[in-house]
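Structure first, then comments.
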Amino acid sequence: SIAFFYSIYATIVGIPTIIDVTVLLIIFVLIGKTLKAYFRYKLSLSIKGNVNAKVRKIINNEEKLVDVSEVNVSDVIILKNGDQIPVDGIIDEGVVEVNESVITGEPLPVKKDKGDALISGSTIVSGYAKLYVTRSGENAYISQIAKSIREAQAIKVPIQNLVDRVSSIFVPVILIASFISFLVWHFALGKSTYFALLFSIAVLASACPCALGLATPMAVVATINKAVKKGIIIRNGEILGNLKNVDTIVFDLTGTLTEGKISIKSYKEFRKDALKYVASIESFSNHPIAKAISELSKEKKKVDEFEEFVGEGVYGRIKDDIVIISKKEFIKQNCEMKENEDGDIFV
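Under the working numbering, the residues of the sequence shown are numbered 5 to 351, in order.
Laid out in structure tokens, this is it:
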């Protein structure tokens, strides 16, 4: 402000200005605030993840694509394979497998049938369902999580309180030092007002506590953002300041200690090229076990038919060969198995 008002005065009376100092100081402060806003934006994206901006809503018995903001309680929306659930609700029709790791930490999908509840933030792994909406917008689970994380950003960590206390003392000292600098250069050393003011502002700029005020909040937001990306939700920013004192961590969910990705440790082929057939069929499924099996073989065959049985397994046909991948009980109940039939593969 001093540099700005002096520059206005200097422009009027026709002496050298220091408007460039004002501009640079404003730029530095704006860069800091922009970075802070950017980290908050990235955090918002991390929390929301891939929640669909558009949803299939049933209006007058017709399926229409609308913004998720237009979905209200008592509406019915359609969920399909790969959708991330944007609202909370109860399955009105259909069967789906849902990845609820955002809630439970467990990587394996859970089968949900009519009457079961679905929570926003979860992902449809397979199946089709009509969902009766019970909570939407800011009341949905994923929105509540986002709100709690935003509130965590607003809570000052202990180090930030220390920074504020230091700044409350530091700022008056800087102002006094800047004023003394002006007096010494102008009156004691006989320099011009322009020259003395330049040194006075230099003291203010070099000792400005703006960096202290911006650095701590930015560090908190960046840390929370990093944690969210790794599946860790921090509800209280004060925890960050206390982590240095933690020597023991207790986990109550086994799923939270995994990477959430299944891998096959060993397998055995009872028929030549059976793995290629199975991997080819499984490549059409989003189930984590299917993805793990699919990665076992880089060479894939052309699949002529594919069908997924929600929560049970998959069926596929490659030329004249039929492949069924499922539980033993499901195969026994639904498949006619012949001992000498070489054309079919059951896994």
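Beta carbons are placed, not taken as given, at the ideal position from N, Cα and C, and that holds for glycine. Bear in mind the structure is a predicted one, so any value in this text is a computation, not a measurement.
Using the C-alpha atoms, what's the distance from Leu187 back to Leu29?
23 Å
Cβ-based neighbour list, Arg44, same chain, cut-off 6 Å, excluding 5 preceding and 5 following:
Val225
Going by the CB atoms, is the gap between Glu316 and Ser330 shorter than 8 Å?
yes
I'd like to know whether the C-beta atoms of Ser185 and Val207 end up nearer to each other than 8 Å.
yes
Separation of Ile149 from Val308, as counted between CA atoms:
A small fix is needed here, since residue 308 is Asp in this sequence, not Val. Looking at the two C-alpha atoms, the distance is approximately 43 Å.
Mind checking whether Tyr281 and Asp325 have CB atoms under 8 Å apart?
yes
Per-residue DSSP class, three states only, for Ala278
helix
Apply the 10 Å Cβ neighbour rule to Gly131 and answer buried if 16 or more other Cβ atoms are within range, or exposed otherwise.
buried
Under the three-state DSSP convention, the category Asp24 falls into
helix
Which of helix, strand or coil does DSSP assign to Gly93?
strand
Using the Cβ count rule (16 or more neighbours within 10 Å means buried), how would you classify Asp87?
buried
List the whole-angstrom C-beta distance separating Ile297 from Ala283, where the pair is believed to meet the contact cut-off of C-beta under 8 Å.
6 Å
Answer yes or no: do Val59 and Val72 have a C-beta to C-beta separation smaller than 8 Å?
yes
Taking its Cβ as the centre, do 16 or more other Cβ atoms sit within 10 Å of Ala121, making it buried, or is it exposed?
exposed
By how many angstroms is the C-alpha of Lys230 removed from the C-alpha of Leu112?
24 Å
Specify the secondary structure class of Phe310 as computed by DSSP and reduced to three states.
strand
Determine the direct distance from the alpha carbon of Thr127 to that of Asn64, and round the result to whole angstroms.
27 Å
Tell me which residue opens and which closes the beta strand (DSSP E) that Ser330 is part of.
325-330
Please list the terminal residues of the continuous beta strand (DSSP E) segment that includes Ile62.
58-63
Thinking just about the alpha-carbon of each residue, which of Val77, Leu83, His291, Ile266 is nearest to the one in Asp117?
Leu83
Quick check on Val129: buried or exposed, where buried means 16 or more other Cβ atoms within 10 Å of its Cβ?
buried
Terminal residues of the alpha helix (DSSP H) in which Thr108 lies:
105-108
Going by alpha carbons, who is nearest to Glu303 out of Cys339, Ala278, Gln337?
Ala278
Determine the extent of the alpha helix (DSSP H) in which Glu242 is found, giving its start and end residues.
242-246
With distances taken Cα to Cα, identify the nearest neighbour of Asp168 among Tyr42, Thr15, Ala219, Glu74.
Ala219
Going by CA-CA distance only, name the one from Leu202, Ile62, Ser105, Lys195 that's closest to Tyr136.
Ile62
For Lys134, list the residues DSSP reports as bridge partners.
Ile82, Glu97
Tell me which residues share the same chain as Leu39 and place their Cβ nearer than 7 Å to its Cβ, disregarding the 5 neighbours each side in the sequence.
Met222
Just to confirm my understanding: we take Asn249, look at its own chain, exclude 5 residues before and 5 after, and list those with CB closer than 6 Å. What are they?
none
If you follow the alpha helix (DSSP H) that Lys295 is in, where does it begin and where does it stop?
292-298
Measuring alpha carbon to alpha carbon, tell me which of Ile328, Ala181, Phe32, Ile205 ends up nearest Tyr352.
The displayed coordinates of the chain run from 5 to 351. Any statement about residue 352 would go beyond what the structure contains.
Buried or exposed for Val75, please, with buried defined as at least 16 other CB atoms from any protein chain shown within 10 angstroms of its CB.
buried
Measure how close the beta-carbons of Ile153 and Ile238 come, nearest whole angstrom, since I'm counting them as under 8 Å.
7 Å
In angstroms, rounded to a whole number, what distance separates the CA positions of Thr197 and Phe203?
10 Å
Looking only at its chain, what residues have a beta carbon closer than 6 Å to the beta carbon of Arg321, apart from the 5 residues adjacent to it on each side?
Asp308, Glu309
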